[in-house]
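> Okay, handing you the structure first.
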Amino acid sequence: MSTDESADGGPLIAVLSGAGVSTDSGIPDYRGPRGLWRRDPEAEKLVTYDHYMSDPEIRRRSWIMRRDNPARQAQPNAAHRALVDLERSGVPLRVITQNVDGLHQLAGLSDREVLELHGNSRMVVCTGCADRTSMTAALDRLAAGEEDPDCAECGGVLKSATVMFGQSLEPEVLGEAVAITKACDVFLAVGTSLQVQPAASLAGLAVEHGARLIIVNGEPTPYDALAERVVRAPISTALPQMLAEFQRHDGAR
Ligand SMILES: [Zn+2]
C-alpha cells in the first residue's frame, strides 16, 4: 500500500465497512456477534475450519449453502456507490471491509482500494496448494454432479476464499489494515458494531494516531465515546449524505 497519496490528493479517508453496509443489498449479517451463524450451531459448523476439513458431509452441505446463498445475486446499494463517487471526486480512499460479498468492487472500486479482512466469497481457494479459482467454476462442477469438488491442481480440499471460524486473519492483510489506519486522517466506521476483533480495535488505533473518528451505525458501538461524530440513520441514506461533505469540488484528477 502507499500512504503518500495524501501528500497531493488531500486527506486520506479510511473506511471500515461492516455487515450494515450490505444489509440494503439483501445480505444478512452472518458473522457478527448476533449474526446468523452464531445463532445456529449447525450452520456455524459449516463455516468452522476444523469441522469443514475433517468431515466430508459438512463440506457437501457447505457447497449447497454456497450454491443457495442469496449474496451471489446481490447488487451494490447507495452506500457502496457513494464510496465510489467519493473516490472518483479525487479523495484518497481506502476501504477496509469485514464483508466477503465483493460489493465494493462490483460498485466500481479497484481491488487495490479494497482490503478484505475476511476474504471474498466469490473466489475459491485450495487448502493444499493455495490455488485460487472462481466460485462460479466450482458451483458449475457442483451442478454437474460433484458433491465436494476438489482442487484440479493437487486434489486438495477446496473452500470459499473467506476466513472461516477457527482461522486467523492473514497477517499481511491485517498489517496493511494497521498501516492504513495509522496513516489516515479520517477513519469512518460504517455499518459495523465494532465488536469483532481485531477489526474493531482499528477504530481506537486510528484515534491514537490522530485521525478523526466518525461512526455510522444503526446501534451504539463501544467506540462511540471516542468518535468526533456518531450517526445513527440508516446507512444507505446517511452515508451518501455524509460523504458528499468530503467530496472534492476542485477538479482534482
Ligand atoms: Zn490444490
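For the sequence shown, the numbering used here assigns the number 24 to the initial residue and increments by one for each residue that follows. In this text, a Cβ means the ideal position worked out from N, Cα and C, and glycines have one as well. The model shown is predicted, which means the values in this text are computed figures rather than measured ones.
(1) Report back the beta-carbon spacing between residue 35 and residue 208 to the nearest angstrom; my notes put them in contact at under 8 Å.
(2) Under 8 Å by Cβ, that's how I've got residue 69 and residue 84 pegged, so tell me the actual separation to the nearest angstrom.
(3) For residue 102 and residue 259, which I take to be in contact (beta-carbon distance under 8 Å), what is that distance rounded to the nearest angstrom?
(4) Looking at residue 237 and residue 119, is the spacing between their C-beta atoms short of 8 Å?
(5) Is any non-hydrogen atom of ligand 1 found closer than 7 Å to the C-beta of residue 169, if you look at the structure I gave you?
(6) Over the uninterrupted alpha helix (DSSP H) stretch that includes residue 101, give me the two end residues.
(7) Need the endpoints of the alpha helix (DSSP H) that residue 50 sits in, please.
(8) Measure the C-alpha to C-alpha separation of residue 155 and residue 80 and round it to an integer number of angstroms.
(9) Which value, in whole angstroms, describes the spacing of the CA atoms of residue 139 and residue 121?
(10) Classify residue 77 as buried or exposed, calling it buried when 16 or more other Cβ atoms lie within 10 Å of its own Cβ.
(11) Please classify residue 248: is it buried, with 16 or more other beta-carbons within 10 angstroms of its beta-carbon, or exposed?
(12) Find out if the Cβ-Cβ distance for the pair residue 184, residue 227 is shorter than 8 Å.
(13) On the DSSP bridge assignment, give the partners of residue 120 in chain order.
(14) Around the C-beta of residue 264, are 16 or more other C-beta atoms found within 10 angstroms, so that it is buried, or is it exposed?
(15) Which same chain residues end up closer than 7 Å to residue 242 when comparing Cβ atoms and leaving out the 5 residues on each side of it in sequence?
According to the data block:
(1) Within the sequence shown, the letter at position 12 stands for residue 35. Within the sequence shown, the letter at position 185 stands for residue 208. Yes, residue 35 and residue 208 are in contact; Cβ-Cβ is about 5 Å, under 8 Å.
(2) Taking the sequence shown and counting its residues from 1, one reaches residue 69 at position 46. Taking the sequence shown and counting its residues from 1, one reaches residue 84 at position 61. Yes, they are in contact, since the Cβ atoms of residue 69 and residue 84 sit about 6 Å apart, within 8 Å.
(3) Locating residue 102 in the sequence shown gives position 79, where the first residue counts as 1. Locating residue 259 in the sequence shown gives position 236, where the first residue counts as 1. About 5 Å separates the CB atoms of residue 102 and residue 259; that is less than 8 Å, so the two are in contact.
(4) Start at 1 with the first residue of the sequence shown, and residue 119 comes out as number 96. Start at 1 with the first residue of the sequence shown, and residue 237 comes out as number 214. No; because the gap between Cβ atoms is not below 8 Å, this pair is not in contact.
(5) Taking the sequence shown and counting its residues from 1, the one referred to as residue 169 is at position 146. For residue 169, the shortest C-beta to heavy atom distance toward ligand 1 is 7 Å or greater.
(6) Residue mapping note: residue 101 aligns to position 78 of the sequence shown, counting from 1. 101–111 is the extent of the alpha helix (DSSP H) around residue 101.
(7) Sequence index remark: in the sequence shown, residue 50 carries index 27 (1-based). Segment: none, residue 50 is in no alpha helix (DSSP H) and carries neither H nor E.
(8) Sequence index remark: in the sequence shown, residue 155 carries index 132 (1-based). Sequence index remark: in the sequence shown, residue 80 carries index 57 (1-based). Each residue's Cα considered, the two are about 23 Å apart.
(9) Stepping through the sequence shown from its first residue, residue 139 is reached at position 116. Stepping through the sequence shown from its first residue, residue 121 is reached at position 98. Spanning the two alpha carbons is a distance of roughly 6 Å.
(10) Here the question's residue 77 lines up with position 54 in the sequence shown. Label assigned to residue 77: exposed.
(11) Indexing the sequence shown from 1 puts residue 248 at position 225. By the 10 Å Cβ count, residue 248 comes out exposed.
(12) As a working mapping, residue 184 is identified with position 161 in the sequence shown. As a working mapping, residue 227 is identified with position 204 in the sequence shown. Contact: no.
(13) Position 97 of the sequence shown, counted from the first residue, corresponds to residue 120. Partner(s): 40 and 139.
(14) Start at 1 with the first residue of the sequence shown, and residue 264 comes out as number 241. Burial call: exposed.
(15) Counting from 1 along the sequence shown, the entry for residue 242 is found at position 219. Take residue 242, set aside five residues on each side of it, and the residues of its chain with a beta-carbon closer than 7 Å to its own are 216, in chain order.
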